[in-house]
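Worksheet: the structure to be examined is printed underneath.
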Amino acid sequence: MTTSVFSSAHHTNKIKSEMNALIQHLREDVNAVDDTQLRALCETSAEVLGGLVKAFTDYELKNEAAWK
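Per UniProt numbering, the sequence shown starts with residue 1, numbered consecutively.
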């Protein structure tokens with residue numbers, strides 16, 4: 001197994017950036033599709049990903065007991 005050459009901050013920032021891009025895409029799709037179930041799925045998915053972004057931020061800031 002190889003050792004990562006990037007810091008954990010690099011990884012978390014990259015992951016958060018990619019998730020934020022997907023959140024934006026999903027929220028745009030909410031307004032672009034006619035199917036109400038698909039709209040709900042896109043919005044729910046965006047909310048779940050937002051929670052993951054928050055979890056990564058909490059990890060970076062070490063402001064949750066689990067990350068201390």
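Even glycine gets a Cβ: it sits at the ideal position worked out from N, Cα and C.
Note that the structure is a prediction, hence the values are computed from the model and not measured.
(request) Assign Ile-23 to buried or exposed, taking buried as 16 or more other Cβ atoms, counted over all protein chains shown, within 10 Å of its Cβ. (result) Position 23 of the sequence shown, counting from 1, holds the residue named residue 23. Counting other Cβ atoms within 10 Å of its Cβ, Ile-23 reaches 16 or more and is therefore classed as buried.
(message) Is Leu-26 near the ligand MG - that is, is its Cβ less than 8 Å away from at least one heavy atom of it?
(response) Looking for the ligand MG in the displayed structure turns up nothing, as the structure carries no ligands at all.
(message) According to DSSP, simplified to helix, strand and coil, what is Lys-62?
(response) To locate residue 62, count along the sequence shown from 1; it is residue 62. It is coil, neither helix nor strand.
(message) Quick check: what's the CA-CA separation for Val-53 versus Ser-7?
(response) Translated into positions along the sequence shown, residue 53 becomes position 53. Translated into positions along the sequence shown, residue 7 becomes position 7. So the alpha carbons of these two residues sit roughly 18 Å apart.
(request) From the DSSP output, in three-state form, read off Lys-68 for me. (result) Taking the first residue of the sequence shown as position 1, residue 68 is located at position 68. Looking at Lys-68 - three-state DSSP - the assignment turns out to be coil, as it is neither helix nor strand.
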